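Counting with my numbering, you get residues 533 to 697 for the letters of the sequence shown.
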Amino acid sequence: MNRLILLRHAKAETEAASGDDFDRPLAPRGRREAKAMGARLAALGFKADMALVSPALRTRETFEIAAESLAAGEVRFDPALYNAEAKTIRRLAEIAGTGGGTVLVVAHNPGLQELTVSLMRDGAAPASFLARALRDFPPAAVAVFDIDAAGRAIADGLFYPEREA
533 MNRLILLRHA
543 KAETEAASGD
553 DFDRPLAPRG
563 RREAKAMGAR
573 LAALGFKADM
583 ALVSPALRTR
593 ETFEIAAESL
603 AAGEVRFDPA
613 LYNAEAKTIR
623 RLAEIAGTGG
633 GTVLVVAHNP
643 GLQELTVSLM
653 RDGAAPASFL
663 ARALRDFPPA
673 AVAVFDIDAA
683 GRAIADGLFY
693 PEREA
């Protein structure tokens, strides 16, 4: 893989009609933020050759809304991403990106935040990126990494949704 984009699902409702965390839909704010983040990434020229998405409802909805603007090639809904640890997310992304290109992962915290921080530390990210990622990785946050020839992730962007006043 040449680039890795980590997208945390957007703001979800606190409960699902079924009572199951897996079935929680996006809240209205989450739908707006997913749309805005997809448009922002597309405006910056990002696109995904492969999208790995947790099959939870909130991650599927985040991806579907963001993908209205953000071009995506192949899409895989992988149950292993549901509340996955950082090392699992990284391994799945590396496998998906074996052929090169950009891999987009849409998943959950704390795994995404932990992976973001780990990659930033390993890749000597700007101190401001690392400090911000350590402090918070809110719903609809995105971390973008370029992957060099040695497989090292170099932070290329950290984007948080704009909150309405």
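Quick reminder that beta carbons are idealized off the backbone N, C-alpha and C, glycines included. Just so it is clear, the structure is predicted and the values come from calculations on it, not from any experiment.
Residues 538, 613, 637, 639, 643, 644, 647 of the same chain have their beta carbon placed closer than 8 Å to that of residue 621, with the five preceding and five following residues left out of the count. Taking the Cα of residue 677 as reference, the smallest distance to any Cα among 656, 670, 668, 695 is reached at 656.
Shown here, residue 540 sits in a strand according to DSSP, grouped into three states. Here DSSP, grouped into helix, strand and coil, assigns residue 578 to coil. Annotation for residue 606: the continuous beta strand (DSSP E) segment containing it runs 604 to 609.
Residue pairing by DSSP places residue 554 in no beta bridge whatsoever. Counting the other Cβ atoms within 10 Å of the Cβ of residue 619 gives fewer than 16, which makes it exposed. In the structure shown, residue 535 adopts extended strand secondary structure according to DSSP, grouped into three states. DSSP places residue 680 in no alpha helix (DSSP H); its state is neither H nor E. Following the DSSP letters along the chain, one finds residue 687 inside the beta strand (DSSP E) bounded by residues 685 to 691. Counting along the chain, the unbroken alpha helix (DSSP H) around residue 589 starts and ends at 589 to 598.
Between residue 660 and residue 624, the alpha-carbon positions lie close to 28 Å from each other. By alpha-carbon distance to residue 598, the top candidate from 667, 670, 545, 569 is 569. Residue 634: member of the beta strand (DSSP E) spanning 634 to 639, first to last residue. Our two residues, residue 675 and residue 578, have alpha carbons roughly 12 Å apart in a direct line. Annotation: residue 681 to residue 581 spans about 18 Å, alpha carbon to alpha carbon.
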